[in-house]
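Chemist:
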Amino acid sequence: MSSVADPATVLVIEDDANLNAALAATLKSAGYRPVRARTAAEGLRWFAHYAPDLVLLDLGLPDRDGLGVIRDIRARGATPIIILSARDSEAVKVEALDLGADDYVQKPFGVDELLARLRAGLRHGVQIRGSQPMVATGDLEIDMGRRQVTRAGVNVKLSPKEYDLLCELAVSLGRPVSHRHLLSVVWGSERADIQYLRVYMAQLRQKLGHQALQSVPGVGYLLVGS
0 MSSVADPATV
10 LVIEDDANLN
20 AALAATLKSA
30 GYRPVRARTA
40 AEGLRWFAHY
50 APDLVLLDLG
60 LPDRDGLGVI
70 RDIRARGATP
80 IIILSARDSE
90 AVKVEALDLG
100 ADDYVQKPFG
110 VDELLARLRA
120 GLRHGVQIRG
130 SQPMVATGDL
140 EIDMGRRQVT
150 RAGVNVKLSP
160 KEYDLLCELA
170 VSLGRPVSHR
180 HLLSVVWGSE
190 RADIQYLRVY
200 MAQLRQKLGH
210 QALQSVPGVG
220 YLLVGS
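Each residue of the sequence shown is one higher than the one before, counting from 0 in numbering that gives the first Met the number 0.
(1) Can you give the beta carbon distance from ILE82 to VAL104, rounded, assuming they're within the 8 Å contact cut?
(2) If I'm right that GLY30 touches PRO6 with Cβ under 8 Å, what's the distance once you round it to whole angstroms?
(3) Could you name the residues of the same chain whose beta carbon sits closer than 6 Å to that of LYS92, not counting the 5 residues immediately before and after it, in chain order?
(4) Taking buried to mean at least 16 other C-beta atoms within 10 Å of its own C-beta, is PHE108 buried or exposed?
(5) Closer than 8 Å by C-beta to VAL3: which residues in its own chain qualify, once you throw out the five before and the five after it? Chain order, please.
(6) Please report the residue range of the alpha helix (DSSP H) in which ASP97 lies.
(7) Just to confirm the assignment: which complete alpha helix (DSSP H) runs, minimum length 4, are found wholly within the region 147 to 208?
(8) Going by DSSP in three states, ASP142 sits in which element: helix, strand or coil?
(9) Taking VAL68 as part of the alpha helix (DSSP H), name the residues at either end of that continuous run.
(10) Cβ of LEU43 within 9 Å of Cβ of GLU13?
(11) Bridge partners for SER84 per DSSP, in chain order?
(12) Grouping DSSP H, G and I as helix and E and B as strand, with all else coil, what is TYR228?
(13) Quick check: the Cα distance between SER84 and VAL34, rounded to an integer number of angstroms?
(14) From this set, TYR162, SER183, VAL170, which residue's C-alpha is nearest ARG32's C-alpha?
(15) Using DSSP with H/G/I as helix, E/B as strand and the rest coil, what is ASP14?
(16) On a Cα-Cα basis, can you pick out the residue from LEU139, GLY76, GLY208, TYR162 that is closest to TRP186?
(17) Give a yes or no on whether the C-beta atoms belonging to LYS106 and LEU157 are separated by under 9 Å.
(18) Would DSSP call SER130 helix, strand or coil?
(19) Please name the residue in LEU172, VAL153, ASP101, LEU114 whose C-alpha comes closest to that of MET133.
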């Protein structure tokens, strides 16, 4: 039997020890795999070692300005970068985004907002890396670049949450994705009511066909690969 999809790896580069630990705990409880660094040098070392799915980056690092870290990460690829910074200067925000950061979250920030930005960043990362931008199985096609789903050539209208659920399953085509991971990524908390997930999955199965989506007892759901 296929294994459950691995959690996304998020590299946290933040020099404040308390905030670094709090971010790691939040990410872990939300179903992600956090990797922690407190300096630019350590962050780039772990970036090369772990190849994370997304980077949370503080600009005020002790050994180097975070803007330089953006340049180095961008030189190595298109991994999504979300800036976490107390700097509120519009010029700094523009520079960070121009250098290749995907988002800018100003401190202090709310956990729900951060997790929502992180989910968006991960979805965007799947698209820009070309990691299965088009997934086809049976008569179903999912175009992640265009956010378009078709069944037998006919467009299927999905709600935002239905689409997000389908994308999570499509990225792990043929492998079960756990209830916990789906709740964490789509609703922002693994403690969200699982009944929400069941309702949305029932709606998806009606729209896409029961043969395309399967429930894996005690685990979660999978999108069947053809």
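Every residue gets a Cβ at the ideal spot worked out from N, C-alpha and C, and that includes glycine.
Modeler: With the structure as the only source:
(1) 7 Å
(2) 6 Å
(3) TYR103
(4) exposed
(5) Bear in mind that the predicted position of VAL3 carries a pLDDT of just 46, short of 50, making it unreliable; the figure below should be weighed with that in mind. So the list reads ARG174, PRO175, VAL176, SER177, HIS180, VAL218, GLY219, once near-sequence residues are dropped.
(6) 89 to 98
(7) 159 to 170, 178 to 181, 193 to 207
(8) strand
(9) 65 to 75
(10) no
(11) GLN105
(12) Because the chain in this structure spans residues 0 to 225, residue 228 falls outside the shown range and cannot be described.
(13) 19 Å
(14) SER183
(15) coil
(16) TYR162
(17) no
(18) Low confidence applies to SER130: its pLDDT is 49, below 50, so where it sits in the model is not reliable enough to give any reading.
(19) LEU172
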